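Engineer:
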Amino acid sequence: MQVTTDTQARPDADWDLYVASHLGASHYHASGWRELIWQQFGQRSYSLKAQDSSGEIQGVLPLVRLTSRLFGDFMVSMPYLNYGGLLANNDAARDALIEAMRALGNESGVSHIELRHTVAEMGGLPAREDKVAMVLELPESIDALGKAIGSKRRSQVRRPLREDPEIRVGGGELVPLFYQVFARNMRDLGTPVYCQSFFTAICEMFPNDTKIVAITIAGQPAAAAFLIGHRGQLEIPWASTVRDYNRISINMLLYWEVLRFAIEAGYQHFDFGRSTVDAGTYRFKKQWGAEPRPLYWHYWLRDGGELPQLNPRNTKYQLAIKAWQKLPLPVANFLGPRIVRNLP
C-alpha cells in the first residue's frame, strides 16, 4: 500500500469520486473544503491518499494545520467542522494512512493531530468520547412531528407567531442576515466569530447542499440557521438567536421551520450537531426526539500525555471569554476572524 501526500489545496476529482463511494464519508471530506479553508483562513492542508499496486484509491485522510503562538501548532481533520477523519476500505489502508500521519506529525513538529470520527476503533489511537451527535429520524410530515413533540412544545413554537415574524428560506443571498444574528450571538457567548465571507464561500462552493433559514420580527433579525445537506441527512452546524427574543421562544420556531424544510425537502435524518450528554443543548435537542450517536475524536500525540482541551470549558480560557463578552460588537467582529482561524 502506497501513501502519497499532496500539500496543494485544490480540487481532486479522483479523491472526490472515492469519497462519494465511501459510506462513512461526511460532506467535509470533499476536496473543496480544503480549498475553501485555504482561501478563507490561509491554513495549509495535507491530503493523504492510500493506493494499491494498481493505483486504485483505498483510503484518504484530509488534514489542516493550525499554527499560532496563542493556541499552539497542530493538525485537525477537519477544523471548524463537526466531522472529518480517516476513510479506508480495509485495515491495511487504514494502518498505512495512520503510519504516514505519524511520520508527517514527527516531520512537521506539530504537538498533536486530531481526527473527528464516528467509529470507535482507529488503529489503537486514543480518543475523546465526551461528545455525541444528536440525530432525529424525520417523520413523513410536519404534522407528524407536531404530534411527536407534544402540546407543550407546540405551544412554544406558536408563541413567536404572535409577533408576526417573517420566515425566509434561501441560499447565499441570506448570508448577511444570518451573519447579523450569528455574530451578535457569538459575541454574547464570549466566542470569536468567523468572517462573513466564510459562509458566503461555503454557499458558493456548495450551492446545491446549503440553505439558510432566517427569521425577522418587525424587520429586525431574530434567529437564523445555516444548513448543509448530505446523503439524505440535513445538518445544522451553525444556528443562533438574538438574546432579546429568547423570552418568546424564538429558538423553538427556528428549529420548527428548519425541520419543516428538512421534511419537505425529503431528508430522512436531521443532525442537530454535537453536544455533551445532559448539557443544556443536549436536553434541548432531546425534546425534539433526537437520539445520541457516539463521537470519537482520535489523537496522535507527539509526547504522549493528556488529550488536548482546546474548548470553552477549559478554565484557562474563562477570563478571556468574560472579557470578550464585553467588547462592542464591531470590535468583536473585527478581531474575531483573526483569532478563530487558529481554533479547531
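Quick note on numbering: the sequence shown equals residues 1 to 344 in the numbering used here.
C-beta: ideal position from N, C-alpha, C; glycine also.
Quantities reported herein were computed from a predicted structural model and do not represent experimental measurements.
Got a sec, what are the start and stop residues for the beta strand (DSSP E) PRO176 sits in?
Structural biologist: Taking the first residue of the sequence shown as 1, we reach residue 176 at position 176. Segment 175–189 is the alpha helix (DSSP H) holding PRO176; no beta strand (DSSP E) there.
Engineer: Do the CB positions of PHE226 and GLN40 come within less than 8 Å of each other?
Structural biologist: Translated into the one-based positions of the sequence shown, residue 226 becomes position 226. Translated into the one-based positions of the sequence shown, residue 40 becomes position 40. Contact flag unset, no.
Engineer: Determine the closest residue to GLY170 out of ARG158, TYR267, LYS152 and ASN208, with distance taken between C-alpha atoms.
Structural biologist: By one-based count along the sequence shown, residue 170 stands at place 170. The option with the nearest alpha carbon to GLY170 is ASN208.
Engineer: Since ALA183 and VAL193 should fall inside the 8 Å C-beta cutoff, what is the C-beta to C-beta distance between them, to a whole number of angstroms?
Structural biologist: Along the sequence shown, one-based indexing puts residue 183 at 183. Along the sequence shown, one-based indexing puts residue 193 at 193. So it is a contact: roughly 5 Å between Cβ atoms.
Engineer: When you compare the stretch 239–259 with the stretch 109–117, are there three or more beta-carbon pairs, one atom per stretch, that lie closer than 8 Å?
Structural biologist: Contact fails: fewer than three Cβ-Cβ distances are below 8 Å.
Engineer: Entirely within the stretch 111–140 and at least 3 residues each: give me those beta strand (DSSP E) ranges in chain order.
Structural biologist: Fully enclosed beta strand (DSSP E) runs of 3 or longer: 112–117 and 131–137.
Engineer: Which runs of the alpha helix (DSSP H) spanning at least 4 residues fall entirely within the stretch 3–84, listed in chain order?
Structural biologist: 13–21 and 31–41, all fully within the stretch 3–84.
Engineer: Using the Cα positions of TYR255 and TRP33, report the straight-line distance between them to the nearest angstrom.
Structural biologist: For the purposes of this step, residue 255 is taken as residue 255 along the sequence shown, with counting starting at 1. For the purposes of this step, residue 33 is taken as residue 33 along the sequence shown, with counting starting at 1. If you take the alpha carbons of TYR255 and TRP33, they lie about 26 Å apart.
Engineer: Can you name, in chain order, every residue of its own chain whose Cβ lies under 8 Å from the Cβ of GLY24, other than the five neighbours on each side?
Structural biologist: Working through the sequence shown from its first residue, we reach residue 24 at position 24. Correct list, in chain order: LEU87, THR118 and VAL119.
Engineer: Apart from the five residues on each side of it in sequence, which residues of its chain come closer than 7 Å, Cβ to Cβ, to ALA201?
Structural biologist: Stepping through the sequence shown from its first residue, residue 201 is reached at position 201. Here the set comprises LEU36, GLN39 and GLN40.
Engineer: Buried or exposed for GLY219, going by 16 or more other Cβ atoms inside 10 Å?
Structural biologist: Walking along the sequence shown from the start, residue 219 turns up at place 219. Flag for GLY219 reads exposed.
Engineer: Could you check the C-alpha separation between VAL331 and GLY124 for me, to the nearest Å?
Structural biologist: The sequence position of residue 331 within the sequence shown is 331, counting from 1. The sequence position of residue 124 within the sequence shown is 124, counting from 1. Going by the C-alpha atoms only, they are around 44 Å apart.
Engineer: Rounded to the nearest angstrom, what separates VAL258 and LEU295 at their Cα positions?
Structural biologist: Along the sequence shown, read from residue 1 onward, the residue named residue 258 stands at position 258. Along the sequence shown, read from residue 1 onward, the residue named residue 295 stands at position 295. Going from the Cα of VAL258 to the Cα of LEU295 covers about 24 Å.
Engineer: Taking the beta strand (DSSP E) that ASP271 falls in, what are its first and last residues?
Structural biologist: Within the sequence shown, numbered from 1, the residue matching residue 271 stands at position 271. Note, ASP271: beta strand (DSSP E), 269–276.
Engineer: Taking the alpha-carbon of ARG338 as reference, which of PHE206, LYS286 and GLN196 has the nearest alpha-carbon?
Structural biologist: Mapped onto the sequence shown, residue 338 falls at position 338. It is GLN196 whose Cα lies nearest to the Cα of ARG338.
Engineer: In this structure, how does DSSP classify PRO221 when only helix, strand and coil are distinguished?
Structural biologist: Walking along the sequence shown from the start, residue 221 turns up at place 221. If DSSP states are grouped into helix, strand and coil, PRO221 belongs with the strands.
Engineer: Roughly how far, in whole angstroms, is the beta-carbon of VAL3 from the beta-carbon of ALA92, given that I think they are within contact range, below 8 Å?
Structural biologist: Your numbering for residue 3 matches position 3 in the sequence shown. Your numbering for residue 92 matches position 92 in the sequence shown. So it is not a contact: roughly 11 Å between Cβ atoms.
Engineer: Return the first residue and the last residue of the beta strand (DSSP E) that VAL193 is part of.
Structural biologist: Taking the sequence shown and counting its residues from 1, one reaches residue 193 at position 193. Taken as a continuous stretch (DSSP letters only), VAL193 belongs to no beta strand (DSSP E), as it is neither H nor E.
Engineer: On the criterion of 16 or more Cβ atoms from any shown chain inside 10 Å, does VAL213 qualify as buried, or is it exposed?
Structural biologist: Indexing the sequence shown from 1 puts residue 213 at position 213. Flag for VAL213 reads buried.
Engineer: Leaving out five residues on either side along the sequence, give the residues of the same chain with a beta carbon under 6 Å from the beta carbon of ASP52.
Structural biologist: Translated into the one-based positions of the sequence shown, residue 52 becomes position 52. Contacts found: GLN58.
Engineer: Are the CB atoms of VAL110 and VAL60 nearer to each other than 8 Å?
Structural biologist: The residue labelled residue 110 in the question sits at position 110 within the sequence shown. The residue labelled residue 60 in the question sits at position 60 within the sequence shown. Their beta carbons are not under 8 Å apart, which means VAL110 does not touch VAL60 by this criterion.
Engineer: Enumerated in chain order, which unbroken segments of the alpha helix (DSSP H) with a length of 4 residues or greater are wholly contained in the stretch 83–109?
Structural biologist: The stretch 83–109 contains these whole alpha helix (DSSP H) runs: 91–108.
Engineer: Label PHE334 either buried or exposed according to how many other C-beta atoms from any shown protein chain fall within 10 Å of its C-beta, with 16 as the threshold for buried.
Structural biologist: Position 334 of the sequence shown, counted from the first residue, corresponds to residue 334. PHE334 should be labelled exposed.
Engineer: Quick one: measure Cβ to Cβ for MET134 and ALA290, integer angstroms, because I've assumed they're closer than 8 Å.
Structural biologist: Here residue 134 is taken as the residue at index 134 of the sequence shown, counted from 1. Here residue 290 is taken as the residue at index 290 of the sequence shown, counted from 1. Contact flag correct, Cβ pair sits at about 4 Å.
Engineer: What separation, rounded to the nearest whole angstrom, lies between the Cα atoms of GLU56 and LYS131?
Structural biologist: Taking the sequence shown and counting its residues from 1, the one referred to as residue 56 is at position 56. Taking the sequence shown and counting its residues from 1, the one referred to as residue 131 is at position 131. If I take the Cα positions, the gap works out to 34 Å.
Engineer: Grouping DSSP H, G and I as helix and E and B as strand, with all else coil, what is PRO237?
Structural biologist: On the sequence shown, residue 237 is found 237 positions in, with the first residue counted as 1. Reduced to three states, the DSSP call for PRO237 is strand.
Engineer: Is the number of C-beta pairs between the stretch 139–152 and the stretch 260–267 that are closer than 8 Å three or more?
Structural biologist: Because the criterion of three Cβ pairs below 8 Å is met, the stretch 139–152 and the stretch 260–267 touch.
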